[in-house]
Amino acid sequence: MTLNNKVKFIQGNQAVVEGAIAAGARFYAGYPITPSSEIAEGSANRLPQVGGLYVQMEDEIGSMAAIIGASLSGKKSYTATSGPGISLMSENLGVAVMGEVPCVLINVQRSGPSTGLATKPAQGDVMQARWGTHGDHGIIVISPSSVQDCYDLTIEAFNLSEKYRTPVMFLSDATIGHLKEKVVLREIAPEEIVNRKQPNCDPKDYQPFKFQDQEDGIAPLAAYGSEYVFRITTTTHDERGMANSTPANADKFIRHYTDKIEKNKKDITIVRKYNLEDADYAIIAFGCTARAALEAVNIAKDKGKKIGLLQLVTIWPFADDEVREVLKKVKGVVVPEMNLGQIIGEVKKINDYGIPVEGLSRVDSLMITPKEILDKIEEVEKCL
Amino acid sequence: MSVNKYDDYLIKEKLPVFWCAGCGNGIVLGSILRSFAQLGLKKENTVVVTGIGCWGKADDYISTNTFHGTHGRALGFATGIKLANPKLNVIVLMGDGDGATIGGNHLIHAARRNVDVTAILVNNLNYGMTGGQYSGTTPHASYTTTSPYGHVENGFDVCKLVKAAGAPYVARGNVYGVIQLQKLIKEAIEKKGFSFVEVISTCTTHYGRLNGMKTSAGAMKWIKDNSISIERAEKLPKEEKEGKFVMGKFVDKDIEDYTARYDRVISKAKEII
Amino acid sequence: MSKTCQIILSGVGGQGLVSSGTILGESATIYEGKNATLVSSYGVETRGTFTKSDVIISDGDISYPEVSKPDIVLALAQVAYDKYAADLSEDAVLIYDNSLISDTKESKGKQFGYPINDMALKLGNIAVANIIAVGIIIQKTGILKEESVIEAIKDKFAHKPKVIDLNIEALRKGIEIGMEV
Amino acid sequence: MKKITIDPRLCKKCGICVEFCPADVYTRELDGSPVISFQEKCTGCKLCELRCPDFAIKVEVSKNDIK
Chain A
1 MTLNNKVKFI
11 QGNQAVVEGA
21 IAAGARFYAG
31 YPITPSSEIA
41 EGSANRLPQV
51 GGLYVQMEDE
61 IGSMAAIIGA
71 SLSGKKSYTA
81 TSGPGISLMS
91 ENLGVAVMGE
101 VPCVLINVQR
111 SGPSTGLATK
121 PAQGDVMQAR
131 WGTHGDHGII
141 VISPSSVQDC
151 YDLTIEAFNL
161 SEKYRTPVMF
171 LSDATIGHLK
181 EKVVLREIAP
191 EEIVNRKQPN
201 CDPKDYQPFK
211 FQDQEDGIAP
221 LAAYGSEYVF
231 RITTTTHDER
241 GMANSTPANA
251 DKFIRHYTDK
261 IEKNKKDITI
271 VRKYNLEDAD
281 YAIIAFGCTA
291 RAALEAVNIA
301 KDKGKKIGLL
311 QLVTIWPFAD
321 DEVREVLKKV
331 KGVVVPEMNL
341 GQIIGEVKKI
351 NDYGIPVEGL
361 SRVDSLMITP
371 KEILDKIEEV
381 EKCL
Chain B
1 MSVNKYDDYL
11 IKEKLPVFWC
21 AGCGNGIVLG
31 SILRSFAQLG
41 LKKENTVVVT
51 GIGCWGKADD
61 YISTNTFHGT
71 HGRALGFATG
81 IKLANPKLNV
91 IVLMGDGDGA
101 TIGGNHLIHA
111 ARRNVDVTAI
121 LVNNLNYGMT
131 GGQYSGTTPH
141 ASYTTTSPYG
151 HVENGFDVCK
161 LVKAAGAPYV
171 ARGNVYGVIQ
181 LQKLIKEAIE
191 KKGFSFVEVI
201 STCTTHYGRL
211 NGMKTSAGAM
221 KWIKDNSISI
231 ERAEKLPKEE
241 KEGKFVMGKF
251 VDKDIEDYTA
261 RYDRVISKAK
271 EII
Chain C
1 MSKTCQIILS
11 GVGGQGLVSS
21 GTILGESATI
31 YEGKNATLVS
41 SYGVETRGTF
51 TKSDVIISDG
61 DISYPEVSKP
71 DIVLALAQVA
81 YDKYAADLSE
91 DAVLIYDNSL
101 ISDTKESKGK
111 QFGYPINDMA
121 LKLGNIAVAN
131 IIAVGIIIQK
141 TGILKEESVI
151 EAIKDKFAHK
161 PKVIDLNIEA
171 LRKGIEIGME
181 V
Chain D
1 MKKITIDPRL
11 CKKCGICVEF
21 CPADVYTREL
31 DGSPVISFQE
41 KCTGCKLCEL
51 RCPDFAIKVE
61 VSKNDIK
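Right, here's the structure in full:
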């Protein structure tokens with residue numbers, strides 16, 4: 001079989017739709033919101049062409065509920081929104097965590113808080129993505145920096161979601177969502193697609209939350225309508241899905257929601273390294289800002305300066321090993337982000353090397369420029 | 001193998017039910033399970049979706065597939081479950097808090113969207129689980145723990161709301177008229193499209209206690225005395241209908257459901273590519 | 001060193017600037033194997049307010065997608081002209097629609113005024129003004145081949161074959177006047 | 001013959017069966033528990049079983065009783 005590659009010049013949001021379909025997603029429920037609406041429109045157009053289903057719900061709470069329901073009926077499901085929508089979805093994001101329901105939420109970030117600047121980019125939802133829903137839990141958050149990423153990493157988001165039975169957030173932003181760029185829509189080979197593990201036990205023995213006897217620590221998930229009759233409750237439950245409020249049971253499961261992500265960090269996290277081998281200074285960036293950072297690295301290189309970039313493609317779980325490796329080697333680090341300093345806090349937490357870690361924040365809806373990053377590095381240099 | 005004993009759908013080891021003495025929830029649960037048995041529903045193909053509240057605990061006792069999520073959102077989950085696998089029988093259990101208050105918007109849109117699920121809303125006129133506060137159906141001037149001087153607002157007529165939203169099947173029963181109730185529930189499950197049954201129920205512990213119904217039997221009697229049939233309601237003058245619950249079937253018509261319509265969308269879309 | 005061309009397309013909402021940018025980008029990426037980016041910024045209203053699109057076309061990778069130093073600026077409205085004319089660098093080119101923009105000023109870079117809008121009307125449809133502009137741009141920059149743009153136009157209007165010829169005519173008209181000084 | 005059984009482990013003594021039995025089959029103990037005092041009056045209508053909120057009552061009607 002030869003795989004077909006299609007070259008397109010499309011928006012990040014459109015590439016997300018193609019990625020979702022390539023990953024095998026066949027159900028979308030959502031509520032339109034700028035700057036994510038092209039994902040709704042694209043899904044309404046494309047899903048029925050592949051036998052999938054689009055439904056526009058009355059709000060984001062219902063949308064999140066519907067994709068959870070559809071996922072439990074065996075369809076890979078997703079929704080797309082922006083920060084205000086994530087605020088509403090956070091309620092049922094907890095349901096997906098607690099019910100261990102695979103699904104993908106796309107947040108095309110815009111400037112906030114509240115309605116904010118509806119059409120303008122920001123990167124202010126980093127912590128909301130991590131802690132938006134209440135209670136302790138792990139979460140996987142992936143941040144694209146190109147239209148190609150929007151395709152490739154959407155597939156990755158579905159794969160991780162299926163593998164770890166967890167919601168995955170795709171943290172895009174208005175710049176990347178609306179950026180038109182060359183993308184190769186690779187035809188995806190079946191072996192590149194991960195589908196959730198199915199039970200193979202006797203139906204009467206099936207326990208939808210029994211993770212302990214699984215080598216990978218993830219319980220298989222049947223679909224409603226299969227021979228397996230099962231219960232999903234997002235009240236604290238036992239292995240069978242029966243409400244169970246004993247302290248030991250609560251402890252076991254609440255830890256599980258974090259452990260299954262944190263213990264598999266090596267498998268989950270993706271970072272990109274540019275010019276870091278002999279760098280004197282490093283930039284740690286993600287999303288659209290990583291593009292300015294890469295430009296800065298290239299400009300510096302032309303000028304004979306040794307500046308490297310660590311791009312966090314996976315934001316959560318936080319790539320602390322890779323960040324530590326950088327902190328250990330360089331004289332100083334600059335963390336540019338279109339917020340008042342969210343990721344930088346994580347970097348500082350593990351800065352045991354006493355090097356300066358400086359933030360570069362912008363919340364005026366404009367992209368951080370390569371020059372601003374280079375100026376900041378110069379500032380750090382001068383202080384040393 | 002078809003199951004036709006209602007208690008095959010009941011998880012007996014979870015009994016006694018956790019509800020208060022005289023609570024109507026158990027009566028409605030019994031009616032639902034008996035309807036399942038009459039219809040011979042396969043557990044594998046049936047999903048019961050519940051909300052939050054006293055009635056939201058009903059799934060604890062039901063042996064089909066179940067889903068128990070967040071307050072008011074049961075219809076959202078059910079929409080996804082059903083649309084992703086239209087072969088499933090999806091039954092949604094909500095209280096008046098779930099269905100008519102926090103989730104009221106989901107209710108009217110589910111009715112309008114005409115997803116083929118059956119929603120059974122048990123209306124006990126207050127929030128039982130949290131201690132008897134007023135809900136979206138609490139009648140004007142009645143007493144709850146948050147309307148200690150008499151309720152300021154009016155309550156919803158939920159059936160009228162769902163009817164106005166365009167549901168193809170809308171009915172109301174109560175926990176006194178159990179034979180009619182079971183008939184309505186069975187019909188609703190059989191109905192293609194969004195079917196809705198409101199059940200007027202009792203909350204002896206809270207609403208009953210604060211509104212002069214001292215015993216479970218007293219609360220049941222209050223429901224009996226304040227319920228009238230559609231036929232009778234049509235003949236009564238307006239002032240005599242005031243505060244009465246009208247029982248019976250308000251809507252029973254055929255409207256193509258979401259899945260049937262969407263199947264045509266799929267055919268159309270596939271033609272284009 | 002890879003060859004890169006930075007383009008700003010500016011005007012007001014509704015002039016088809018995103019569409020022009022998309023045609024340029026598609027021609028470059030799909031038909032010439034280059035890279036291209038298009039970033040558009042606009043107000044909340046779709047029509048009538050200042051908008052601009054940043055297009056970068058390059059043989060190499062494009063990291064930062066916003067235009068920092070334009071090689072060519074297209075201005076289709078006075079408000080757009082005013083924004084860019086003054087700061088134009090020496091080696092940059094400004095193309096403006098002189099049927100819409102009358103108040104011009106001196107600048108360091110070269111300026112060329114063409115009656116783009118009037119020409120579109122003459123061709124029979126004001127909607128092709130943006131394609132005329134694309135023609136001028138590819139003529140002035142030499143960044144793309146005419147054939148690539150024609151292919152992109154055919155793709156864009158595949159569902160409306162009637163307007164393909166009109167748009168190709170508009171493109172050629174743009175190339176033709178672009179040759180004039 | 002109709003056979004009524006009440007499961008005392010499930011009964012919460014709400015009194016609904018006693019109050020609404022059309023044939024007055026039941027009486028109440030001082031603690032509120034229902035007592036099947038007049039089994040012979042039972043018509044087998046099963047309303048008590050259907051109205052019991054606690055799944056505590058079973059009314060069995062043998063074939064001979066169905067007219």
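Just so you know, the sequences run in chain order A, B, C and D. First residue of the first sequence: 1, per the UniProt record's numbering; consecutive thereafter. First residue of the second sequence: 1, per the UniProt record's numbering; consecutive thereafter. First residue of the third sequence: 1, per the UniProt record's numbering; consecutive thereafter. First residue of the fourth sequence: 1, per the UniProt record's numbering; consecutive thereafter. The beta carbon of each residue, even a glycine, is placed where N, CA and C say it ideally should be.
Neighbour flag for residue i against chain A, beta carbons, 9 Å
i	result
Lys69/C	no
Tyr262/B	yes
Leu166/C	no
Leu83/B	yes
Pro161/C	no
Gly25/C	yes
Val39/C	yes
Gly16/C	no
Short CB-CB distance (under 9 Å) between residue i and chain D
i	result
Val3/B	Because the pLDDT of Val3/B is 46, which lies under 50, any placement of that residue in the model is unreliable, and the number read from its coordinates should be weighed accordingly. Closer than 9 Å: no.
Tyr176/B	yes
Pair within 9 Å by beta-carbon distance, residue i and residue j
i	j	result
Ile254/A	His137/A	yes
Glu187/B	Cys159/B	no
Asp54/C	Gln6/C	yes
Thr141/C	Ile72/C	yes
Phe209/A	Gly241/A	yes
Cys52/D	Ile91/B	no
Val168/A	Tyr281/A	no
Ser87/A	Gln56/A	no
Where the beta strand (DSSP E) through residue i begins and ends
i	result
Leu72/A	From DSSP, Leu72/A is part of no beta strand (DSSP E) but of the alpha helix (DSSP H) over Glu60 to Leu72.
Gly308/A	Ile307 to Leu312
Tyr31/A	It is not in any beta strand (DSSP E) - Tyr31/A carries neither H nor E in the DSSP assignment.
Tyr54/A	Leu53 to Gln56
Endpoints, alpha helix (DSSP H) assigned at residue i
i	result
Met169/A	Element bounds for Met169/A: not the alpha helix (DSSP H) but the beta strand (DSSP E), Pro167 to Asp173.
Arg113/B	Gly104 to Arg113
Lys140/C	Ala129 to Thr141
Val90/B	Careful: Val90/B lies outside any alpha helix (DSSP H), inside the beta strand (DSSP E) at Asn89 to Gly95.
Tyr257/A	Pro247 to Glu262
Pro370/A	Pro370 to Cys383
Tyr262/B	Tyr258 to Ile272
Lys42/B	Neither: Lys42/B is in no alpha helix (DSSP H) and is coded neither H nor E.
Contact with chain B by residue i, beta-carbon distance below 9 Å
i	result
Val25/D	no
Pro53/D	yes
residue 461/A	As shown, chain A starts at 1 and ends at 384. That puts residue 461/A outside it, with no answer to give.
Tyr206/A	no
Tyr228/A	yes
Residue(s) in a DSSP beta bridge with residue i
i	result
Asp54/C	Ile8/C and Val39/C
Tyr127/B	Gln133/B
Pro34/D	Arg28/D
Cys103/A	Pro167/A
Val49/B	Phe67/B and Val92/B
residue 386/A	Past the boundaries of the shown model lies residue 386/A; chain A is included only from 1 to 384, so the question cannot be answered.
Residue-level contact to chain C via CB, residue i, 9 Å cutoff
i	result
Glu358/A	no
Thr79/A	no
Met1/A	At Met1/A the pLDDT is 43, less than 50, meaning the model places this residue with poor confidence; the figure from the coordinates comes in the next sentence. Judged by the 9 Å Cβ criterion, Met1/A is not in contact with chain C.
Per-residue contacts from residue i into chain E (C-beta, under 8 Å)
i	result
Glu262/A	Among the protein chains in the structure shown, which are A, B, C and D, there is no chain E.
(request) Check distances from the C-beta atoms of the segment 155 to 182 of chain A to those of chain C and list, in chain order, the residues that come in under 8 Å. (result) Thr175, His178, Leu179, Lys180, Glu181 and Lys182
(request) Residues of the segment 29 to 46 of chain D with a CB closer than 7 Å to any CB of chain B: list them in chain order, please. (result) none
(message) Please list, in chain order, the residues of the segment 240 to 270 of chain B that have any C-beta partner in chain A closer than 8 Å.
(response) Tyr258, Tyr262, Val265, Ile266, Lys268, Ala269 and Lys270
(request) Return the residues of the segment 59 to 71 of chain B that lie within a Cβ-Cβ distance of less than 8 Å from chain A, sorted by chain order. (result) Asp59, Asp60, Ser63, Thr64, Asn65, Thr66, Phe67, His68, Gly69 and Thr70
(request) For the segment 87 to 115 of chain B, enumerate the residues whose C-beta is nearer than 7 Å to any C-beta of chain A, in chain order. (result) Lys87, Leu88, Asn105, His106 and His109
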